[in-house]
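Residue numbers (the numbering used here): 110 to 405.
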Ligand code: CA
Ligand code: CA
């Protein structure tokens, strides 16, 4: 198995980034990832002012996938997410959407797949990838922001067994990922989740002539999910929903009106995150209601 080390990181999705590993179509690749703070928070009460903010949101990679050419789609199947034993969070003034006084960095451990929170609260883990994307065509995009290339998506459905479809904008696609979360609520409202170091194992495949896939697109065991990123939450929500509307029409014999009616009945329009430079919305539709199944 191809193994990419956790020191092999970068902080922007960049078409000129030098690949650190090479894969063939169908290969299994393990990405070892530092947490989003580059493992700088090692204890409760860490002084956030001492944080080197240049080392924020590292992405491990990039991986060059042989045969991937601009216009193709990269299929990334998430096979496993192995977490460290403890993770970090930080609630602080000016970050996220709450009024919080001061800066409170915390470490929480995981025992028997439960996060050991305060007041004897236990939260089941649902490991997911926050940052995952391919290189943009020309732009250099910080790992802080999501976009058409993927990036800082923070969609909590990106867990084990999910399949993510990303655009190929440059030869080799240049896939990178990081920002693992033990669990994250919709919105990621305090600007972080339980931020974990860990290892992500994925299978990569190059798909030719699949312009019908509205990348970045997700298929889970239960849902099709379209995604959108935009500084305006209003725009973002409409874009995500309209992408699903088009997808349903392309992959069924439903009319525009029927697709709209169906989505209004059974589609869920959700805020994935509300804290990144571009906000994220997703539209999910139950696979069980789709007449023509879209091959995962
Ligand atoms: Ca993130
Ligand atoms: Ca994060």
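Where is the CB? At the ideal position from N, CA and C, for every residue including glycine.
Taking C-beta separations shorter than 6 Å and ignoring five residues to either side along the sequence, the partners of residue 130 in its chain run 111, 113, 172, following chain order. Those residues placing their Cβ nearer than 5 Å to any heavy atom of ligand 1 are, following chain order, 239, 261, 263, 288. Taking C-beta atoms as the reference points, residue 143 and residue 361 fail to come closer than 8 Å. The Cβ atoms of residue 272 and residue 186 sit closer than 8 Å to each other. Remark: C-beta atoms of residue 190 and residue 236 approach each other more closely than 8 Å. Per DSSP, the beta-bridge partners of residue 377 are 393. Assignment of residue 134 by DSSP, reduced to helix, strand and coil, places it in the coil class. For the beta strand (DSSP E) assignment, the uninterrupted runs of no fewer than 3 residues enclosed by the region 250 to 296 are, from N- to C-terminal side, 259 to 261, 272 to 276, 282 to 290. Residue 304 has its Cβ nearer than 7 Å to a heavy atom of ligand 2.
Short note on residue 142: C-beta not closer than 7 Å to any heavy atom of ligand 2. The Cβ atoms of residue 274 and residue 326 sit closer than 8 Å to each other. Straight across, the Cα-Cα distance linking residue 320 with residue 278 is about 13 Å. In terms of Cβ geometry, residue 387 and residue 323 do not form a close pair [threshold 8 Å]. In terms of Cα proximity to residue 288, the closest of 154, 255, 335, 314 is 255. No Cβ-Cβ contact shorter than 8 Å links residue 177 with residue 260.
Distances taken from the Cβ of residue 290 to the heavy atoms of ligand 2 include one shorter than 7 Å. Going by DSSP, residue 350 is part of the alpha helix (DSSP H) stretching over 342 to 359. Of the candidates 354, 211, 301, 301 places its Cα closest to the Cα of residue 384. Residue 283 places its beta carbon 8 Å or farther from that of residue 238. Between the region 335 to 349 and the region 363 to 383 there are three or more inter-stretch CB-CB distances shorter than 8 Å, so the stretches are counted as touching. Rounded to whole angstroms, the gap between the alpha carbons of residue 318 and residue 180 is 8 Å.
Not one heavy atom of ligand 2 sits closer than 7 Å to the Cβ of residue 214.
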